[in-house]
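According to my numbering, the sequence shown is numbered sequentially starting from 62. Yeah, the Cβ is synthetic: ideal placement off N, Cα and C, and Gly gets one too.
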Amino acid sequence: MVVVHRIAPAAYEQLAVHDGYRFVELRDGVLVEKPPMTFRHAFVIEDAGHYLRSQLDRRDHIVFVENARLRVGDSYLIPDIAVVASVVARELLERTPDRLAVYDNPVALVVEVWSPSTGSYDVETKLPLYRVRGDREIWFLRPFEQTLTAWVRRNDGSYAETVHVGGAVACAALPGVRVDLAALFG
C-alpha cells in the first residue's frame, strides 16, 4: 500500500529553500522529485537558454534556467526554462529576497526539453498545467526528433499548436526572438 502525505504550499517553499530540495516539485500537494537529466537534455537546455539570453534585453525579460517555480493551485512546477518580465522578477526579488522565485501569474515563455527520464511526466502533467496557468507561449523541444512544438495562447484563452521541424522558429510572445533548430540540435 502506498501512503501519500500531502504538504501545504508554505511547507514546500520552506523545504525547497532550507532543506536542499532544489529539484523537487509539488504536484497537488505531493512532492515529486525531478529525475536526473541526461547530458543531451542538459546541453539543449543550456544552449536554448543562451540563445534566448543573447536576444533579450535584461531590462525587459530575464531567462531562468531551472530556477523559477511556476505555481498553479497547490502545484509548483520547475520548468527547464522560464522567461519572465524583468519588472515582475525584480518586484518579487525586492519584496521577498529570501524566498523561492515563485510566479503565480502567466509568464512570457516556458520551455521543456524531452528526455528519457522526464518525457512522459512533462507531456502528461506539466505541459497541460502550463496551459491552465495561461502562460503566453510554451515550447516542448525534442532533441532526438529535432522538433519544437509550440503552443501559443490566443485571445480567447485557447492555444494554437504548431510542430516545427528544422529552420528558424520565431517566438510569438517575444517579438524578435528566433531559435535556429539546426544550430540548437546540431
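- For the beta strand (DSSP E) assignment, the uninterrupted runs of no fewer than 3 residues enclosed by the segment 189-219 are, from N- to C-terminal side, 198-203, 208-214.
- DSSP places GLU152 in the helix class (H, G or I) of the three-state scheme.
- Here the alpha carbons of ARG214 and VAL238 stand approximately 17 angstroms from one another.
- Assignment of beta-bridge partners to GLU222 by DSSP yields TRP212.
- When DSSP reads this structure, HIS122 sits in a beta bridge with ALA146.
- Apart from the 5 residues on each side of it in sequence, TYR220 sits with its Cβ closer than 8 angstroms to the Cβ of ARG192, ILE199, TRP212, VAL213, ARG214 in its chain, given in chain order.
- Considering only ARG67, VAL149, GLY227, THR99, the residue with the shortest C-alpha distance to SER178 is THR99.
- Taking 8 angstroms as the cut-off, the Cβ atoms of ALA244 and LEU170 do not count as close.
- When GLY218, ALA146, ILE106, HIS79 are compared, the shortest CA-CA separation from LEU242 is found for ILE106.
- For PHE205, the number of other beta carbons within 10 angstroms of its own is below 16, and it is reported as exposed.
- Looking at VAL224, VAL91, THR223, VAL172, the one whose alpha-carbon comes closest to that of LEU113 is VAL172.
- Under a 10 Å Cβ-count criterion, ARG67 is classified as exposed, with fewer than 16 other Cβ atoms of the shown protein chains found around its own Cβ.
- Minimum Cα-Cα distance from GLY228 among the listed residues ASP135, PHE246, SER147 corresponds to PHE246.
- If the five residues before and after GLU86 are omitted, its C-beta is found closer than 7 angstroms to the C-beta atoms of VAL93, LYS95, TYR137, LEU138, ILE139, all from its own chain and listed in chain order.
- Secondary structure of ASP241 (DSSP, three-state): strand.
- Annotated as distal: LEU161 and GLU222, with beta-carbon spacing of 8 angstroms or more.
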